[in-house]
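**Student:** Before I ask anything, let me first share the structure, which is written out below as structure tokens.
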Amino acid sequence: GNSVTQMEGPVTLSEEAFLTINCTYTATGYPSLFWYVQYPGEGLQLLLKATKADDKGSNKGFEATYRKETTSFHLEKGSVQVSDSAVYFCALILVPSGSARQLTFGSGTQLTVLP
Amino acid sequence: DTGVSQDPRHKITKRGQNVTFRCDPISEHNRLYWYRQTLGQGPEFLTYFQNEAQLEKSRLLSDRFSAERPKGSFSTLEIQRTEQGDSAMYLCASSLATGTGDYEQYFGPGTRLTVT
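Line order of the protein sequences matches chains A and B.
My numbering numbers the first residue of the first sequence as -16 and each following residue consecutively.
My numbering numbers the first residue of the second sequence as 142 and each following residue consecutively.
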């Protein structure tokens, strides 16, 4: 089956620190990969995506590179801010898929950034 | 258009009662999804619609759960004879399926269900 494994949290960093959240996946086909972010009291928001191997998704200073050889999609940011405090979810979707276009999510990583 | 909306945002019910949630997708989106998220976990897929047709249901969707999208616009998710294990956040998402794909799903704020 398809699955996503994220590094366990919570992660606590000081402002301006470097962030890495690890994500690895297993999939029976050729997935597209996503990072979603969930701020307190809000719904999931798409942060970035990559649809094929070696693609780099980027948004708001966050980056992640689709590594097929290591089946990974690690999230990075060079300098985090207090406003980045949230829960981050790695996810995949199989493309093409003969069945549901369902996202498969990891369990999430809680990030807290201290001033 | 302000995105996907869900109603209610919170629902507290007693075990054995029926509950119904509503989701209004982004207006031009033809696909609609329901997910369930329990505390400390990522969302898990329940079911999805393309227009008014329900095309896939997860094994998580027991026979106490039913979802509809009667006119291909809003959707409802009903849980009959609620159990404490149904307590979770129920998320709705929508997407636009095109010839090249439909991979971006936009999520609503969710309905938090508490079964006492």
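Ideal placement from N, C-alpha and C gives every residue a C-beta, glycine not left out.
Quantities reported herein were computed from a predicted structural model and do not represent experimental measurements.
Report yes if the CB atom of residue 207 of chain B is closer than 7 Å to the CB atom of residue 193 of chain B, and no otherwise.
**Tutor:** Against the second sequence, residue 207 of chain B aligns to sequence position 66. Against the second sequence, residue 193 of chain B aligns to sequence position 52. In this structure, residue 193 of chain B does not lie closer than 7 Å to residue 207 of chain B by Cβ.
**Student:** Report, in whole angstroms, the separation of the C-beta atoms of residue 251 of chain B and residue 26 of chain A, which I expect to be a contact under 8 Å.
**Tutor:** Stepping through the second sequence from its first residue, residue 251 of chain B is reached at position 110. Stepping through the first sequence from its first residue, residue 26 of chain A is reached at position 43. 6 Å between Cβ atoms; contact.
**Student:** Mind listing, in chain order, the continuous alpha helix (DSSP H) runs of no fewer than 4 residues lying wholly within the region 184 to 228 of chain B?
**Tutor:** With a minimum length of 4 residues, no continuous alpha helix (DSSP H) run stays inside the region 184 to 228 of chain B.
**Student:** Return the residue from the list B:236, B:256 and B:245 that minimises the CA-CA distance to residue 170 of chain B.
**Tutor:** Taking the first residue of the second sequence as position 1, residue 170 of chain B is located at position 29. The shortest Cα separation from residue 170 of chain B among B:236, B:256 and B:245 belongs to B:236.
**Student:** How far does the beta strand (DSSP E) with residue 143 of chain B in it reach, from first residue to last?
**Tutor:** Along the second sequence, read from residue 1 onward, the residue named residue 143 of chain B stands at position 2. Taken as a continuous stretch (DSSP letters only), residue 143 of chain B belongs to no beta strand (DSSP E), as it is neither H nor E.
**Student:** Is residue 74 of chain A buried or exposed, if buried means 16 or more other CB atoms sit within 10 Å of its CB?
**Tutor:** Indexing the first sequence from 1 puts residue 74 of chain A at position 91. That one is buried.
**Student:** For residue 230 of chain B, list the residues DSSP reports as bridge partners.
**Tutor:** Along the second sequence, one-based indexing puts residue 230 of chain B at 89. Paired residue(s): B:178 and B:253.
**Student:** Quick one: give me the first and last residue of the beta strand (DSSP E) that residue 14 of chain A is part of.
**Tutor:** Counting from 1 along the first sequence, the entry for residue 14 of chain A is found at position 31. Counting along the chain, the beta strand (DSSP E) containing residue 14 of chain A begins and ends at 14 to 21.
**Student:** Measure the alpha-carbon distance for residue 77 of chain A versus residue 0 of chain A and round it to whole angstroms.
**Tutor:** On the first sequence, position 94 is the one that residue 77 of chain A refers to. On the first sequence, position 17 is the one that residue 0 of chain A refers to. Those two C-alpha atoms are separated by around 34 Å.
**Student:** Counting pairs of Cβ atoms below 8 Å between the region 152 to 162 of chain B and the region 84 to 97 of chain A, do you hit three or more?
**Tutor:** Contact between the region 152 to 162 of chain B and the region 84 to 97 of chain A is absent, because fewer than three Cβ pairs lie under 8 Å.
**Student:** List the residues of chain B that residue 29 of chain A touches, going by C-beta distances under 9 Å, in chain order.
**Tutor:** On the first sequence, position 46 is the one that residue 29 of chain A refers to. Going along chain B in sequence order, the residues near residue 29 of chain A (Cβ under 9 Å) are 245, 246, 247 and 248.
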